[in-house]
Amino acid sequence: MGLDALVTVVIPTHNRPRKLVALLESLERHQVPELDSVVVVDDSDEPADLRRFESLHLEHVVLGRRVFISKAKNMGWQRTKTEFVYFIDDDNVVDDTTIGPLVNRIRASPTVAAMMPSVLYKSTPSTVWVYATPLLPGRLKHLLIGRNLPRNASLENRLLSTDALPNAFIIRRRALEDVGGFDENLVVNSSMDLCLRLKAKRWGVFAYSGSLTYHDVELPGKFGWWAAHGSADPERVRYEIRDWFIIRRKLLGEQRFFALRSVFESAKFVIPNLLAYATRGRKKGAILRSLSLGYLEGLRSKSSTPSRVQIRQRS
-9 MGLDALVTVV IPTHNRPRKL VALLESLERH QVPELDSVVV VDDSDEPADL RRFESLHLEH
51 VVLGRRVFIS KAKNMGWQRT KTEFVYFIDD DNVVDDTTIG PLVNRIRASP TVAAMMPSVL
111 YKSTPSTVWV YATPLLPGRL KHLLIGRNLP RNASLENRLL STDALPNAFI IRRRALEDVG
171 GFDENLVVNS SMDLCLRLKA KRWGVFAYSG SLTYHDVELP GKFGWWAAHG SADPERVRYE
231 IRDWFIIRRK LLGEQRFFAL RSVFESAKFV IPNLLAYATR GRKKGAILRS LSLGYLEGLR
291 SKSSTPSRVQ IRQRS
């Protein structure tokens, strides 16, 4: 916690102690002078002992119940005092480019609220998980730049447009306060909503592909790889589909035949996910119940605060 300390790392975690420890070990190995401290918000069934990470000035916030990602992130950043907050999911590891270059970039750009690093697969760093995630014109669907392709030098060391902040990102405290943090009604998937609300307030949001993080997830190839998180975590499945309907209603709720269109669009990923869960889910019955409940909750949801963000519709 030196004079150069500008950023606090916030890590929400649930039942992934080995991955959490790997992330913290990488933060120790690649510690930067800009790092003030680390806050781990832990709603695991059996929280890990993290006392050995004292060099990170780590605060371990142990919760007695599961609160999920959006609330955990709000709890985390509200415990910090630094100018910037760096959120990172527990299934990542960092290197020398992950924090320092983003701090330097965002400090030099006072109208920029947030920046994400580009993401590589931890097991195969030559393969891109994603460089950036802009929305496709007129659609509530992201273009996953570089997804599952070899690294592309022409896309690296650049500022790229993004409309979501998956996995990891740095953000100004002032910008977080400006929009009131994460929308906890979006229990799991709130980063796109945060990004769009920031842009509605005229903040800039970008991906910087000169900064990298390494995602410890399954490589594509084996059937169902795309649904690995849900296959291992039935509770999460409920909120992923529920959040999708809520954000869709928030942005596109005035469309004619909204419910029918939403059912049709959701089938494009719900059906493949169901097949994946049936093939590899450890608790198939629990996953199916969770998916059904979340689907009904999402379809019946009402947006109490219509979004000012508009998605240009196709003619």
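For the sequence shown, counting from 1, position 124 maps to 114 in this note's numbering; every step adds exactly one.
Don't be surprised by glycine CBs; every beta carbon is placed ideally from N, CA and C.
Taken atom to atom, the span from the alpha-carbon of residue 234 to that of residue 86 is near 34 Å.
Distance check between residue 176 and each of 239, 46, 273, 38 places 239 closest, using alpha-carbon atoms only. Put simply, the region 146 to 166 does not touch the region 265 to 273. Fewer than three CB pairs are less than 8 Å apart.
In the DSSP assignment, residue 194 falls within the beta strand (DSSP E) that extends over 194 to 205.
In this structure residue 81 is in contact with residue 207, their Cβ atoms being roughly 6 Å apart against a cut-off of 8 Å.
The C-beta distance from residue 124 to residue 110 rounds to 19 Å, too long to meet the 8 Å contact threshold.
DSSP places residue 139 in the coil class of the three-state scheme, outside both helix and strand.
In the DSSP assignment, residue 151 forms a beta bridge with 196.
Of the residues assessed, residue 107 falls on the buried side of the cut-off, its CB having 16 or more other CB atoms within 10 angstroms. Partner residues in the beta bridge of residue 82, as assigned by DSSP, are 205. Distance check between residue 232 and each of 280, 190, 244 places 280 closest, using alpha-carbon atoms only.
Proximity to residue 225 across 154, 100, 23, 285 peaks at 285, based on C-alpha coordinates.
Contact annotation: residue 156 and residue 181 have beta-carbon atoms nearer than 8 Å.
Between residue 148 and the set 199, 100, 12, the nearest pair of CA atoms involves 199.
Cβ contact annotation for residue 84 (same chain, cutoff 8 Å, sequence separation greater than five): 13, 16, 17, 20, 78, 203, 204, in chain order.
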